[in-house]
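To keep things clear, I will list the structure first and then write my remarks on it.
Here you go:
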């Protein structure tokens, strides 16, 4: 019984750790922007699943190209992606926040 009282809190903390917001305020703002603009289709965390079958998890973007390469697309408008993806244009400070957040969750 005592052992389970010691192990259980550790397991709960480990499970929650991946969904905690970043401590970096810029990355935290990027996560907020991802929640507002991307989470309806894309997985935006380290362990969640995309809600749209054709929307890749944001944590896997670096498998195809450097995340920093998204800067221009985010600023000028992303017009490619899955068929239902709306066009987005972000302010420069929002682009920086999104890029910072994306860099914190990449699997590679």
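Numbering (our numbering), first residue to last: 232 to 339.
For each residue, glycine too, the CB sits at the ideal point set by N, CA and C.
Closest in C-alpha terms to residue 270, from the list 334, 320, 288, comes 288.
In this structure, residue 330 sits away from residue 306, with a CB-CB distance that is not shorter than 8 angstroms.
One thing to note: residue 339 has its Cβ no nearer than 8 angstroms to the Cβ of residue 304. Around the C-beta of residue 318, fewer than 16 other C-beta atoms lie within 10 Å, and the residue is accordingly described as exposed.
A distance below 8 angstroms separates the beta carbons of residue 285 and residue 314. In this structure, the CA atom of residue 326 is about 11 angstroms from the CA atom of residue 265. Shown here, residue 319 sits in a strand according to DSSP, grouped into three states. In this model, residue 258 and residue 321 are separated by some 15 angstroms (Cα to Cα).
The three-state reading of DSSP puts residue 309 in strand, counting E and B together. A residue is called buried once 16 or more other Cβ atoms fall within 10 Å of its Cβ, and residue 324, having fewer, is exposed.
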